[in-house]
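Counting from 677, one number per residue, gives the positions in the sequence shown under the numbering used here.
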Amino acid sequence: MKASILSYTLIQAVHNIGAALTLALALLLIGQICMSVDTKKVLWALLAVWGLQGFTGICFGLSSLYFYGAFPDIHNLAIAAMGVKIVSVAAMTFLLAFLIYKKKWDVSARNKTVFVSLSIIALVAASVLRWNS
Ligand code: HEM
C-alpha cells in the first residue's frame, strides 16, 4: 500500500470513529434519565473527541500538503461544508470547556440538544463535503 493511502486510511479511521463517538456520547447524556452516567467524565470525553475531530481534520490537510505539495482543491459547496464542520468543532469546544470550567455537571436539556444537533450537523456537512470534492 502506498504511504499516502495508508496515511489517509489511518486518519479517516480515527476521524470516522470520532464522528460516531460525538453522537454516541451526546445520546448517552440524554439517556441518563434511565441509567446512571458520570456527567463529568462524559463532558471530558466529549471535549477530547471533538478536539480529536479538529485534529484529524487538520491531519487530512497536512497529509495532502506533505504527499502532494498542496491542500485538497475544493470549491463552493465543499468549502461551505468544511466551514460548517470547523464552526461546529469551535462551538462545541467552547461550550464544553465553559461547562467543565464552571463545573456544571447538571447539563441542561437545551445543552444536551445542542450536543446532539451539532454532531448531526457536522455529520451531514461531512456527507456534503464527501460528494462535492
Ligand atoms: C475541524 C473540523 C473538521 C475538519 C477540518 C474535517 C475534515 C474532513 C476531511 C478533509 C474529510 C475527508 C473528506 C473526503 O472524503 O473527501 C472528512 C471526512 C469526514 N468527516 Fe470531517 N472534519 C472535521 C470535523 C468533523 C466532525 C466534527 C465530524 C462529525 C462529527 C466529521 C465527520 C466526518 C466523516 C463522517 C467523514 C467521512 C466522510 C466520508 O468519506 O464518507 N468531521 N473530514
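All C-beta atoms in this analysis are idealised placements derived from N, C-alpha and C, irrespective of residue type, glycine included.
The structure presented is a predicted model; accordingly, all values stated were derived computationally and were not measured.
For residue 809, there is no enclosing alpha helix (DSSP H), as DSSP gives it neither H nor E.
By the neighbour-count criterion, in which 16 or more other beta carbons inside 10 Å mark a residue as buried, residue 759 falls on the exposed side. Rounded to whole angstroms, residue 768 and residue 791 show a C-alpha spacing of 7 Å. Residue nearest to residue 805 within the set 783, 751, 766 is 751 (criterion: CA-CA distance).
With contacts defined by Cβ atoms closer than 8 Å, residue 705 and residue 788 form a contacting pair. Residue 727: member of the alpha helix (DSSP H) spanning 715-744, first to last residue. In the three-state reduction of the DSSP assignment, residue 711 falls in the coil class. Here DSSP, grouped into helix, strand and coil, assigns residue 788 to helix.
The way I'd put it, the stretch 710-725 doesn't touch the stretch 735-744; fewer than three beta-carbon pairs between them come closer than 8 Å. When DSSP states are grouped into helix, strand and coil, residue 779 belongs to the coil group. Judged by beta-carbon spacing, residue 685 lies beyond the 8 Å limit of residue 795, meaning their Cβ atoms are not closer than that value. In the three-state reduction of the DSSP assignment, residue 677 falls in the coil class, being assigned neither a helical nor a strand state. If the five residues before and after residue 732 are omitted, its C-beta is found closer than 7 Å to the C-beta atoms of 687, 690, 691, 694, all from its own chain and listed in chain order.
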